[in-house]
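First the structure, in the form of structure tokens, and then the observations on it.
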Amino acid sequence: MRFGGFQPFTLSDYPGRTAAIVFAQGCNFRCPFCHNGSLLSAVADERDLVPEEIVLAELRRRHGLIEGLVVTGGEPTLQAALPAFLGKVKALGLLVKLDTNGSRPEMLARLLRAGLVDYVAMDVKAPREKYDLLAGVKAPLDAVRESIRLIAGSGVAHHFRTTAPPALLSARDLETIRRELPPDAAHRVQEFKPEHALDPAACAAARTA
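Numbering of the sequence shown is given in numbering that gives the first Met the number 0, commencing with residue 0 and proceeding in unit increments.
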């Protein structure tokens with residue numbers, strides 16, 4: 000896999016677990032509030048990437064110090080090598096948390112069927128009518144809805160989350176998102192942090208509905 004970064008330890012990114020984090024290079028969304036702009040392009044200088052072998056070696060070295068690995072991005076499900084990589088991580092005895100934007104339900108279904116993920120956190124960007132604005136692209140709404148359905152019915156620990164720039168999402172929008180999710184779905188609202196936002200002007204200037 001192509002990784003744009005690796006963090007050897009976190010207490011806050013895998014609920015209830017100690018973990019490392021790996022950042023997949025490349026994303027198909029361009030969310031204006033994104034704070035990982037360096038990870039968006041699938042085309043990156045090889046010198047800036049972290050080789051998969053180095054990641055696996057670090058995970059082995061930290062055996063007994065961490066319980067899991069968070070695979071975030073970027074968007075991990077865009078990479079065809081993801082299942083094979085997760086198989087290697089699971090073989091090390093680690094739990095896997097996957098962060099995803101839900102745009103690749105076919106990959107998500109494959110991972111869930113194979114038992115390669117133990118926790119899924121899916122970003123739900125906005126109500127349907129605002130999805131393109133918050134995703135920064137023409138959003139694949141059918142794919143997003145299918146991913147929500149798959150995750151909710153998977154039996155795997157999960158939550159849905161929304162980053163809420165005040166100028167882009169209103170309290171009414173957040174309530175609409177909750178209504179569009181399955182009943183009793185765990186939904187977390189994340190505070191928008193303007194530092195390093197991909198498009199600070201859009202986050203500051205847009206008007207809420």
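The C-beta atom is built at its ideal place from N, Cα and C for all residues, glycine as well.
Short of 6 angstroms from the beta carbon of Leu85, and not among the five residues preceding or following it, lie these beta carbons of its own chain, in chain order: Val95 and Leu115.
Within the segment 97–139, the runs of alpha helix (DSSP H) at least 4 residues long that lie entirely inside it are, in chain order, 104–112 and 130–134. Put simply, the segment 42–60 does not touch the segment 117–130. Fewer than three CB pairs are less than 8 angstroms apart. The C-beta of Pro164 has 16 or more other C-beta atoms within 10 Å across all chains shown, which makes the residue buried. In the three-state reduction of the DSSP assignment, Pro82 falls in the helix class.
Taking the Cα positions, Ser40 is about 9 angstroms away from Asn27. Beta bridge pairing from DSSP links Phe2 with Ala23 and Val49.
Bounds of the alpha helix (DSSP H) holding Arg171 are Ala170 to Glu179. By the criterion of a C-beta distance shorter than 7 angstroms, Met0 is surrounded in its chain by Ala23, Glu51, Gln78, Ala80, Leu81 and Phe84, once the five residues flanking it on both sides are discounted. Per DSSP, the beta bridge partners of Leu94 are Gly67. Using a C-beta cut-off of 8 angstroms, the segment 64–77 makes no contact with the segment 128–141, since fewer than three inter-stretch Cβ pairs fall below that distance. Bridge partners of Thr17 according to DSSP: none are assigned. For Arg187, the enclosing beta strand (DSSP E) has its first and last residue at His186 to Glu190.
According to the DSSP assignment, Ala163 belongs to the beta strand (DSSP E) that extends over Ala156 to Ala163.
Leaving aside the five residues that flank Ala108 on each side, the residues in its chain whose CB is nearer than 6 angstroms to its CB run, in chain order, Leu149.
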